[in-house]
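Residues 0 to 297 in numbering that gives the first Met the number 0 are what the sequence shown spells out, letter by letter.
Each remark here refers to the structure printed beneath this line.
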Amino acid sequence: MTIKSEGTIVQPRYWLVKYGILALLLLLFSSTCYFAMHGHLHYWDDWLLGDLFRSNEFFLSVAITRAKDMLLAFSGLHSGLLVLQSGEFGINFVVDANIQVGNAVAQLTDIVSYGRDFSLFGLVALHIIETIIAIVQNMTPWLIVAAELGVLMIVTADIWLYRSHKWHMAFVRIGEAILLLFLLCVIIFPLSIHLVHRFSNSVSDDIHSKGYQAVVSTHNHILGESQGTSLQDDAGESVKQLKNAKVKIHHKTNYLSTHVVRYGAVMFLQVFFLPLIFSVFLFWLFRALVRRHQHWAA
């Protein structure tokens, strides 16, 4: 008798708690919709996620500036080398200098071309990431509303629909998808960029600085200081300069190729690999947490 009486007491309390949770969610959803329509949720967004978004904006602005500097440096060196190899200056290389130096300059041009492509790829990827974060930041209030709707659908399915009901799993899966979309856009992706900034910033600073200095040093060594009125004038001076630097150009080629490879690897890690790894890991973690509702559902 005691067990039955306890059962009759516990069961209504259990349902009362679940209906209370549903009522609170409905009230919260209605309030959030009201505040989102009147633009009041931005204050809460800035209080909760403002530091994260500002940190990412600073990191991306610095990274974009560096990528632009590298792109300009590589482009300037590449243009000078192309002029040096073309037309009468290309003939001067073969006749006046030697074929071996001309081949070394051709190899150097290819390496610089790869570095320019790495810089362009990184710059485009950084602008894409910056645009996505800006869109997410503006859409955060409505993403919060969507997340609350997803939670409401999950709780509604767990309260009113039996697991064998044909609509139960549909409500649960749609609710989970909406909630995970919110977590992916508002939490996982910005947090992944923040983690990339924290883990790779010190390494990328050093490699970028050395890579930029390598490009500038190679430019000054091969093409010399820009003193002419055009690239052809600079190229003419470079032909004379290279006649006295036949050995050093091979060293410069190896030196620059090392820094180009390092710069390309860091750029690939920063804008693609590390954000992807962190995003996948955090998505898997949050997905496992979201699906824990199946353990307390009725």
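A virtual CB, placed ideally from N, CA and C, is assigned to each residue, including glycine.
Taking the Cβ atom as the reference point for each residue, do residue i and residue j lie within a distance shorter than 8 Å?
i	j	result
Leu125	Ala62	yes
Leu59	Ile110	no
Ser203	Gln106	no
Pro274	Val185	no
Leu178	Gly149	yes
Val259	Gly79	no
Ile192	Arg261	no
Leu24	Leu151	yes
Ala35	Val214	no
Asn55	Ile132	yes
Ile20	Val154	yes
Ile187	Leu281	yes
Lys17	Ile158	yes
Pro189	Leu51	yes
Leu27	Glu147	yes
His218	Lys251	no
His77	Ser112	yes
Got a sec, what are the start and stop residues for the alpha helix (DSSP H) residue i sits in?
i	result
Leu182	No alpha helix (DSSP H) contains Leu182, which DSSP labels as neither H nor E.
Gln269	Per DSSP, Gln269 belongs to no alpha helix (DSSP H) and is neither H nor E.
Leu160	Premise fails: Leu160 is in no alpha helix (DSSP H) and is neither H nor E.
His193	188-221
Arg286	273-289
If you measure from the beta carbon of residue i to each beta carbon in chain B, is any gap under 8 Å?
i	result
Gly210	Among the chains of the structure shown, chain B does not appear; only one protein chain is present.
Review point. Curious, which full-length beta strand (DSSP E) runs of at least 3 residues does the stretch 128-153 contain?
Key: none
Practice item. Enumerate, from N- to C-terminal direction, the unbroken alpha helix (DSSP H) stretches of 4 or more residues contained entirely within the stretch 35-84. Key: 40-84
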